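The structure appears below as structure tokens.
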Amino acid sequence: MSILKKISIAVLASAAMTAGASAADPVIDYTPAPTQPAYSDPGFDWNRFYAGVNGAYVNAASDVWGIGAIAGMNTQFDQMVFGFEVGAQANYDGGTYYGAQYDLTGRAGYLVSDDVLLYGVGGIGYHFDDAVGIVGAGIEFAVSDDLTLGSEYNWSFYEGGTSSHAIDAKARWYFN
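Numbering of the sequence shown is given in the numbering used here, commencing with residue 2 and proceeding in unit increments.
Right, dumping it as structure tokens:
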């Protein structure tokens with residue numbers, strides 16, 4: 002057997018043994034996992050001025066329905082949102098004008114997610130020719146970059162000890 006044949010056989014044998022040995026080794030991926038996504042949607046920007054409309058059911062001396070306008074401003078700190086809102090509403094009982102409501106309320110809320118705000122309300126108002134105190138709570142959902150829809154419950158208490166309850170639906174348009 003010539004030396005060239007012996008070298009060829011040795012190279013082939015060592016290649017065969019190496020291939021079998023490396024196939025039994027476990028495969029380990031040393032690529033580090035990404036720490037953050039390349040892009041993250043910032044979510045809804047609550048830190049703005051807004052204006053909107055509301056429709057309400059008010060349980061006062063009788064059951065009335067109202068329609069009105071609102072405007073306000075929010076300031077966002079991480080997951081917390083603080084703001085104020087002014088509103089005016091005309092109320093109707095069976096199609097007959099019943100009286101007006103004017104409110105000035107403060108809001109303090111927590112962002113459950115980037116586009117869902119739960120909040121509490123407190124303030125003062127002028128309802129049906131009487132001064133009132135107002136406390137309540139609400140929820141607001143961002144449905145686009147500039148529009149939110151929500152609902153709010155308010156309990157209004159009058160000086161003489163009487164009170165009224167209101168449940169309303171609100172649409173707010175946010176401006177930059």
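Glycine included, C-beta positions come from ideal geometry on N, C-alpha and C. The model shown is predicted, which means the values in this text are computed figures rather than measured ones.
Local Cβ density within 10 Å of residue i, reported as buried at 16 or more and exposed below that
i      : result
Gly177 : Looking at the sequence provided, one finds Asn at residue 177 rather than Gly. Exposed is the call here.
Asp104 : buried
Val144 : exposed
Gly44  : exposed
Val113 : exposed
Ile29  : exposed
Tyr98  : exposed
Gly161 : exposed
Thr36  : exposed
Gly96  : exposed
Thr163 : exposed
Spatial neighbours of residue i in its chain, beta-carbon cut-off 8 Å, leaving aside the 5 residues before and after
i      : result
His166 : Val59, Asn60, Tyr154, Asn155, Trp156, Ser157
Thr76  : Asn48, Val82, Phe83, Gly84
Alpha carbon of residue i to alpha carbon of residue j, nearest angstrom
i      : j      : result
Val87  : Tyr120 : 16 Å
Trp47  : Lys171 : 16 Å
Gly69  : Asp79  : 31 Å
Tyr111 : Ala138 : 12 Å
Gln102 : Val136 : 15 Å
Thr106 : Asp64  : 23 Å
Leu118 : Ala62  : 32 Å
Gly73  : Tyr31  : 53 Å
Tyr159 : Phe129 : 11 Å
Ala173 : Ile71  : Note that residue 173 is Arg in the sequence shown, not Ala. Each residue's Cα considered, the two are about 8 Å apart.
Asp147 : Ala89  : 22 Å
Gly53  : Gly124 : 19 Å
Ala132 : Thr149 : 29 Å
Ile168 : Pro33  : 53 Å
Close beta carbons around residue i, own chain, < 7 Å, minus the five adjacent residues each side
i      : result
Ala109 : Phe83, Tyr120, Gly121
Asp115 : Gly44, Phe45
Close-in-space but distant-in-sequence residues of the same chain around residue i (CB under 6 Å, 5 per side omitted)
i     : result
Phe50 : Met74, Phe176
Gly56 : Ile68, Ala170
8 Å contact criterion, which residue i and residue j should meet: CB distance rounded
i      : j      : result
Glu141 : Gly126 : Their Cβ separation, rounded to whole angstroms, is 20 Å, which puts Glu141 and Gly126 out of contact at 8 Å.
Open item on the list: Quick check on the DSSP output: what are the complete beta strand (DSSP E) runs of length 3 or more inside the region 90 to 138, in order along the chain?
Closed with: 97 to 114, 117 to 128
TODO: Return the chain-ordered ranges of every beta strand (DSSP E) run that is complete within the region 134 to 172 and spans a minimum of 3 residues.
DONE: 148 to 159
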